[in-house]
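Everything below concerns the one structure shown next.
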Amino acid sequence: MNRIRYSVLIAVLLVGFSSVTDCIAQFQQLPIASLPSDNNSISLNNQRTAAETLQLPFWDDFSSGQLSPLLWETQGVKTSFTLGLAPPSLGVAVLDGVDNNGQAYSTTRLEQGEGDQLTSMPIDLSQTSATNDVYLSFYWQAGGKGERPDDSDALELYFLDSEGKWVLVWSQEGGDDVASDQFVQVLLPVAEQFHYEAFQFKFQQSGRLSGPFDTWVLDYIYLNKGRDATDRYPADRALTQLPSSPFAPYFAIPYFELDQEKLTTPISNEFNNLTNRFRAIEYTVSLTNKATGELLEKINDNTPFNPVPQALERRTFTSSDVKGTSLIGLIDEPMDVEVLMYLRAGDTYLEELEGESQNFNVDFRANDSSRIVIPFRDFYAYDNGSADYAAGINQRGGMLALSYELSTPSYLSGLSIQFANAAQRNSAIELMVWDSISNEPLYQGEVLIPADAGLGSFSYFPLDTNIMVKDHFFIGFTQFSNDYLYVGLDKSGDTGDKIFYNVHGSWQQNEHVKGNLMMRAHLSLDPVVEEVDLPDEELSFYPNPVTERLFIRGEVDDLMVFDFQGRLINIPQEVDKEGKMLNFTESQKGMYLIKMVKNGQPITRRIIVK
């Protein structure tokens with residue numbers, strides 16, 4: 001375990017997390033709950049139920065991004081498209097030492113024991129021959145983009161015998177001498193004693209149970225008969241990554257900001273030829289309106305790789321240039337654009353044994369395609385919308401900021417932040433905007449993290465002040481607690497140099513945390529509110545923040561209340577000779593916008609309900 005002491009705190013919070021030391025000021029990786037899997041999106045051709053015994057072959061490379069309940073029983077295991085370093089194929093399974101709720105298995109600091117588990121459903125091996133031709137193969141990696149395991153941590157593999165006893169058949173210890181950036185393939189025979197009708201195997205992370213002190217990554221798990229000790233090279237060619245965004249360093253930009261200058265890079269990916277033979281491969285890259293299915297642009301269409309991919313070759317490749325001129329006319333309103341990359345490599349279904357029919361349960365084409373969805377809305381974003389970690393500081397009065405750069409002056413209409421810890425809901429923060437962090441902020445406003453802010457979703461905070469931003473500007477917040485305030489961190493790229501923090505009275509640029517901080521800047525070409533100068537005595541709001549009743553002194557018309565998500569809220573109102581009273585007694589805590597008209601002019605005010 002890496003123990004690093006720093007005078008300034010920025011936490012790196014893994015969806016799992018890295019080392020936790022006794023030092024108060026340190027980098028950390030802290031757990032957050034796993035997002036629930038969409039099991040309805042998983043389909044197998046035979047549509048068996050989880051209660052039925054599986055037949056050979058058994059294969060999963062996690063390219064679906066899900067842990068299929070038809071294949072696995074899990075404890076604390078999650079899938080990821082980004083946490084593995086150079087994986088065999090797209091998607092990995094991650095064992096990181098915390099349960100499905102992001103909690104440690106023990107509160108006793110040094111307790112050792114069994115943590116995450118990935119267990120196969122029962123598999124029928126009763127019909128296999130006694131020639132010992134049943135083999136299990138898999139790839140493992142120690143750490144990946146997570147925490148490197150200590151020498152007291154281990155990844156273990158167990159087989160279940162016919163008497164219900166788990167037998168240890170393989171293990172790998174951690175330590176500094178174990179590479180964290182390489183996948184290692186293991187090929188093991190399944191002895192005859194395990195050839196019965198309800199065989200199971202189990203991967204288990206063991207070691208310290210008081211937190212995510214070690215991360216093990218698994219990929220490409222394959223169990224079948226008719227194999228031998230040389231059967232290491234499946235007839236499979238796979239993509240290994242999600243497509244990149246053509247707007248680097250941004251993942252997404254406002255639709256009204258789209259021009260040729262924003263298309264900074266081709267779209268990139270990587271393929272891996274897992275077989276020990278060369279193979280001609282072609283690739284296609286397309287952009288599609290996700291809602292309608294309309295093809296916006298086919299950037300590459302069965303383009304052959306040149307030179308021809310060699311045996312066991314791994315290669316990074318890029319698309320042809322994206323033609324912004326054709327996109328600008330098509331993306332003239334908010335929409336989601338799907339970027340699809342796929343290989344044409346001759347991959348097909350696994351042939352179980354020579355002379356037998358193809359087995360349609362294993363389709364090697366599953367890892368030949370990879371896609372992302374780029375949201376064209378009103379915001380700039382470095383992140384892809386999916387948190388692998390989180391990042392934050394644990395200093396009362398500390399400030400966290402993220403820099404952005406514009407080519408066209410715009411109005412800042414709001415901020416959205418992904419908060420990655422349910423326990424921090426209803427906590428107060430002060431939103432801030434700077435043109436330079438060496439200057440006083442352009443905007444400050446206290447808000448509450450919404451009570452219904454779900455894990456994996458963004459909380460949107462509209463601004464009620466016209467703030468013109470241009471060139472460089474910064475968005476962020478001040479926190480009022482010494483507890484870590486978890487902000488999502490996406491590890492698909494690295495814009496860590498855009499992160500700045502201030503915990504001891506001076507700003508420092510982040511140099512240690514890698515990833516994309518999940519704070520987004522929402523823009524508008526027009527002023528957010530129509531500014532009206534009113535003498536203070538003509539209109540007043542009090543108290544603000546409000547706990548129950550808000551008094552508005554002054555004559556206004558067409559009063560409407562909106563929550564932080566822009567939804568119209570029905571708030572009881574009373575009218576007297578001095579103005580109006582709004583009753584927030586039954587309302588959720590958080591920020592609200594009050595829109596009204598005075599003397600024919602629209603007015604907006606922001607209030608906090610505590």
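Just so you know, the sequence shown maps onto residues 1 to 610 in full-length UniProt numbering. Using N, Cα and C, we set each Cβ at its ideal position, and we do this for glycine too. Computed from a predicted structure; not experimentally measured.
Give the DSSP-derived three-state secondary structure of residue 282 in the structure shown. The residue you call residue 282 lines up with position 282 of the sequence shown. Of the three classes helix, strand and coil, the one that applies to residue 282 here is strand, per DSSP.
Less than 7 Å between the beta carbons of residue 485 and residue 391, yes or no? Here the question's residue 485 lines up with position 485 in the sequence shown. Here the question's residue 391 lines up with position 391 in the sequence shown. Residue 391 sits away from residue 485, with the two beta carbons spaced by 7 Å or more.
Where does residue 93 fall in DSSP's three states? For the purposes of this step, residue 93 is identified with residue 93 of the sequence shown, where counting begins at 1. Residue 93: strand per DSSP, three-state reduction.
I'd like the span of the beta strand (DSSP E) that includes residue 375, first residue to last. Within the sequence shown, numbered from 1, the residue matching residue 375 stands at position 375. Secondary structure note for residue 375: its beta strand (DSSP E) is the uninterrupted segment 369 to 376.
Can you give me the C-alpha to C-alpha distance between residue 29 and residue 572, rounded to a whole angstrom? To locate residue 29, count along the sequence shown from 1; it is residue 29. To locate residue 572, count along the sequence shown from 1; it is residue 572. Reliability fails at residue 29, whose pLDDT of 47 lies under 50, so the model's placement of it is uncertain and no value is given.
Residue 146 burial status per 10 Å Cβ neighbour count (16 or more: buried): As a first step, residue 146 must be located in the sequence shown, where it is residue number 146. When all chains shown are included, residue 146 counts as buried.
Would you decide whether residue 527 is buried or exposed? Buried here means 16 or more other CB atoms lie within 10 Å of its CB. On the sequence shown, residue 527 is found 527 positions in, with the first residue counted as 1. Exposed: under 16 other Cβ atoms inside 10 Å.
Sequence-distant residues of its chain with Cβ nearer than 8 Å to residue 128 (five each side left out): What you label residue 128 is simply residue 128 of the sequence shown in a count that begins at 1. 56, 134, 195 and 225, listed in sequence order.
Integer Cβ distance of residue 389 from residue 489, believed to fall under 8 Å: Taking the sequence shown and counting its residues from 1, the one referred to as residue 389 is at position 389. Taking the sequence shown and counting its residues from 1, the one referred to as residue 489 is at position 489. Correct: roughly 4 Å between the Cβ atoms.
Return the chain-ordered ranges of every beta strand (DSSP E) run that is complete within the segment 383 to 431 and spans a minimum of 3 residues. The qualifying runs are 389 to 392, 399 to 405 and 410 to 417.
Buried or exposed for residue 236, going by 16 or more other Cβ atoms inside 10 Å? Reading the sequence shown from its first residue, position 236 is the one you call residue 236. Residue burial is scored here from C-beta neighbours: residue 236 has at least 16 other C-beta atoms within 10 angstroms and is therefore classed as buried.
In angstroms with no decimal places, state the Cα-to-Cα distance between residue 563 and residue 266. In the sequence shown, the residue the question calls residue 563 occupies position 563. In the sequence shown, the residue the question calls residue 266 occupies position 266. Looking at the two C-alpha atoms, the distance is approximately 40 Å.
Within 10 angstroms of its Cβ, does residue 156 collect 16 or more other Cβ (buried), or is it exposed? Along the sequence shown, one-based indexing puts residue 156 at 156. It is buried - the Cβ of residue 156 has at least 16 other Cβ atoms within 10 Å.
Whose C-alpha, out of 540, 474 and 319, is nearest the C-alpha of residue 509? Taking the sequence shown and counting its residues from 1, the one referred to as residue 509 is at position 509. The residue with the shortest Cα to Cα distance from residue 509 is 474.
Just how far apart, CA to CA, sit residue 656 and residue 230? The structure shown does not extend to residue 656, since the chain is modelled only from 1 to 610, so the question has no answer here.
Pick out whichever of 382, 607, 68 and 538 has its Cα sitting closest to the Cα of residue 446. Taking the sequence shown and counting its residues from 1, one reaches residue 446 at position 446. Residue 607 is the option with its Cα nearest to residue 446.
Pick helix, strand or coil for residue 599, following the three-state DSSP scheme. Residue 599 sits at position 599 when you count from the first residue of the sequence shown. If DSSP states are grouped into helix, strand and coil, residue 599 belongs with coil.
Using 7 Å as the threshold, is the C-beta distance between residue 218 and residue 105 below it? Looking up residue 218 in the sequence shown gives position 218. Looking up residue 105 in the sequence shown gives position 105. No, the Cβ-Cβ distance between residue 218 and residue 105 is not below 7 Å.
Return the chain-ordered ranges of every beta strand (DSSP E) run that is complete within the segment 106 to 159 and spans a minimum of 3 residues. Every beta strand (DSSP E) of 3 residues or more that sits fully in the segment 106 to 159 is shown, in chain order, as 112 to 120 and 135 to 142.
Near residue 99, what residues of its chain come up, given a Cβ to Cβ distance below 6 Å and the 5 sequence neighbours on each side ignored? As a position in the sequence shown, residue 99 is number 99, starting the count at 1. Excluding the 5 residues flanking it on each side, residue 99 has same chain C-beta neighbours closer than 6 Å at 76, in chain order.
With contact counted as at least three CB pairs below 8 Å, one residue from each stretch, are the segment 163 to 182 and the segment 136 to 145 in contact? Yes, the segment 163 to 182 is in contact with the segment 136 to 145.
Nonlocal neighbours in the same chain, by C-beta distance under 8 Å from residue 148, ignoring five residues either side: In the sequence shown, counting from the first residue as 1, residue 148 sits at position 148. 1, 2, 142, 174, 176, 178, 180, 214 and 215.
From 365, 525, 366 and 338, residue whose alpha carbon lies closest to that of residue 372: Residue 372 sits at position 372 when you count from the first residue of the sequence shown. If we check each option's Cα against that of residue 372, 338 comes out closest.
List the endpoints of the continuous beta strand (DSSP E) containing residue 487. Looking up residue 487 in the sequence shown gives position 487. Where residue 487 is concerned, the enclosing beta strand (DSSP E) starts and stops at 487 to 490.
Do you know whose CA, among 332, 330, 342 and 328, lies nearest residue 304's CA? Taking the sequence shown and counting its residues from 1, the one referred to as residue 304 is at position 304. The shortest C-alpha separation from residue 304 is found at 342.
Give the single residue among 557, 450, 412 and 394 whose Cα lies nearest to the Cα of residue 589. Position 589 of the sequence shown holds residue 589. Considering only alpha carbons, the answer is 450.
Going by alpha carbons, who is nearest to residue 227 out of 285, 131 and 400? As a first step, residue 227 is located in the sequence shown; it is residue number 227 there, counting from the start. It is 131.
Local Cβ density within 10 Å of residue 307, reported as buried at 16 or more and exposed below that: Here residue 307 is taken as the residue at index 307 of the sequence shown, counted from 1. Looking at its Cβ environment, which holds fewer than 16 other Cβ atoms inside 10 Å, residue 307 is exposed.
Count the other CB atoms within 10 Å of the CB of residue 592; is the residue buried (16 or more) or exposed (fewer)? Within the sequence shown, numbered from 1, the residue matching residue 592 stands at position 592. It counts as buried.
Report yes or no: do the segment 242 to 253 and the segment 262 to 277 share at least 3 C-beta pairs separated by less than 8 Å? Taking 8 Å as the limit for Cβ pairs, the verdict is that the segment 262 to 277 does touch the segment 242 to 253.
Determine the DSSP secondary structure at residue 365, reduced to helix, strand or coil. On the sequence shown, residue 365 is found 365 positions in, with the first residue counted as 1. Note: residue 365 maps to helix in three-state DSSP.
Evaluate residue 220 with the Cβ neighbour count: other Cβ atoms within 10 Å of its Cβ, from every protein chain shown; 16 or more gives buried, anything less gives exposed. Against the sequence shown, residue 220 aligns to sequence position 220. Answer is buried; the Cβ neighbour count reaches 16.
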